[in-house]
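In our numbering, the protein residues as written are 65 to 701.
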């Protein structure tokens, strides 16, 4: 393709007059680059040219200080690169390397900047350009997704954060402030509560209308002229962060029977929320679901609640907001159901005269549940951690735990959480034990990384507490970090096992579909796509000995650590979010058809644009795999 024809068909040059095309064509030089040639590095001095590909293929590469190279895009014949420093005055935002022998037109900066003076839309185009094509396509797809006003209203309170509804500034007083002064101020300012702060302005208590009535007015001996805030305040009140979801705060406040919730950001008071504030935004149908879970008295009650999750998911999907947030909200409801099931089974054991042993126990959830990335059809991945105790007490503990674990797994299966095909459940002795037992188990997996042990690890490493003593979970996390630090070769084996699978795209960009009968003509958005992102990101975080729960939070941490740069993280997030959207929509459709939700779908049932975004997301996952392989291969030299 000639340069003039290319420019006529390519934004932003397609709006230029013919004489400019001629001028650009006359000033351009042609240069040939052999395969695997680094045309320019991300951190190199700008060459002073805009490159337009005449023939060949060029990959766009980003590399932060952490040395994790990531290919974020490919440029084919007719595409251009290297324009950022010409039009923005900044350095390159990424490097460029040929995949195969390539010829490029090189247009000089001086001519381009002269043209841009008379045609400013060119500069605007490059100022707005981003490297992640996945994000652009994903945003377009979501914007086109049909929205239903009524379902949006149902989803609304689920995705509103406390920072959006809290009252600020907050009225405060000191512990020495007299009650009559507090009461006077509350009347004057129509306040329901006042926060009590120490001399460093740190929250130490709260005085509410109820405190004034119950602790002053209702007591004949109380003297409101002499009492101070310290005498009537509720010490160390519950608090939450401003980015907490409203649904979580509502559930927490109703569960703890509190009406006022101070909002703290890194220890600083930034606002206050009342239960009345939350009720203003309450969605009767959706919010009642969480309330019904907490009030459930039987497994049958939880079965009903479990079946209602799809209604919440459908409402959330209709909104033009982050589907990562949607996944977190769905996970929160699953967690509440699983926790309540644990409590009900425990109560049943006690009614039968089978009391739990006098030890600390933590019920953990693993896999997608441990990452808060559950959708509509999660199976069971759970375990027990006990505090350390003498061997002679083991028989007593197991006498209770064995039947309890069987009842718990059976109850969860009845509710709608299928038993794990790999038997990763509390009724399997391999997935329960004392902290010292877990240490030996994890050490064996990491030091002797056989294939099955590495598979166990990929499920186990995403664990979090659901019920019981959460500190045991934190202790186990420290053990994991120490073992990985001591045996970094384990990360290489994780990478090696994971990369035996590839994304389902052929060399010419067609979908590679399953051939076996059960899923013939389909592909797995999870096992062939999003799981690669999850696994790769987890490996990098383990290497850094840093904790974060969700995949997107982990990406944010890797950016902070300068392992990934923001462009890389954004590219991966966009792909992960696209996988989530397509998978969730497919699961809802299957449930509506009376089927069990699945991460398998027929890609050719999607629109052309959706097929395009799915392919781009698969490519992003594949590029991350390649970058991860290069990075961790250095461990073995």
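By construction, the Cβ of each residue, glycine as well, lies at the ideal position given by its N, Cα and C atoms.
Item	Value
Residues bridged to residue 324 (per DSSP)	338
Beta-carbon proximity of residue 475 to residue 405, cut-off 8 angstroms	yes
Counted within 10 angstroms of its Cβ, other Cβ atoms place residue 568 as buried (16 or more) or exposed	buried
Contiguous alpha helix (DSSP H) assignments of at least 4 residues, all confined to the stretch 604-659	615-624 and 630-656
The stretch 430-443 in contact with the stretch 558-565 per 3-pair CB rule at 8 angstroms	no
C-alpha distance - residue 170 paired with residue 390, whole-angstrom precision	46 angstroms
For residue 134, the three-state DSSP class (helix, strand or coil)	strand
Buried versus exposed call for residue 696 [16 or more other C-beta atoms within 10 Å across all chains shown]	buried
Contact the stretch 236-245 vs the stretch 291-310: 3+ CB pairs below 8 angstroms	yes
Nearest residue (CA-CA) to residue 555, options 150, 604 and 679	604
Contained alpha helix (DSSP H) runs [length at least 4] in the stretch 530-557, N- to C-terminal order	534-550
Collapsed DSSP secondary structure at residue 264 in the structure displayed	coil
N-terminal and C-terminal residue of the beta strand (DSSP E) that residue 702 is part of	What the structure shows of the chain is the stretch from 65 to 701, and residue 702 is not part of that stretch, so it cannot be assessed.
Helix, strand or coil at residue 316 [DSSP, three-state]	helix
Residue 172: first and last residue of the uninterrupted beta strand (DSSP E) it sits in	159-172
Test item: CB-CB of residue 453 and residue 428 under 8 angstroms	no
Backbone secondary structure at residue 593 - three-state DSSP	helix
Own chain residues within Cβ distance below 6 angstroms of residue 397, not counting five before or after	373
Element boundaries [beta strand (DSSP E), containing residue 450]	446-450
Paired residues, beta bridge with residue 567 - DSSP	None; residue 567 has no bridge partner.
Separation of residue 258 from residue 234, as counted between CA atoms	8 angstroms
Closest Cα partner of residue 694 within the set 409, 378 and 600	600
Exposed unless 16 or more other CB atoms sit within 10 angstroms - verdict on residue 75	exposed
Enclosing alpha helix (DSSP H) for residue 152 [first to last residue]	148-152
Through-space distance from residue 609 to residue 687, alpha-carbon basis	24 angstroms
Residue nearest to residue 680 in terms of C-alpha spacing, selected from 490, 637 and 551	637
Reduced DSSP category for residue 272 - H, G, I as helix; E, B as strand; rest coil	strand
Simplified DSSP state of residue 691, which is helix, strand or coil	helix
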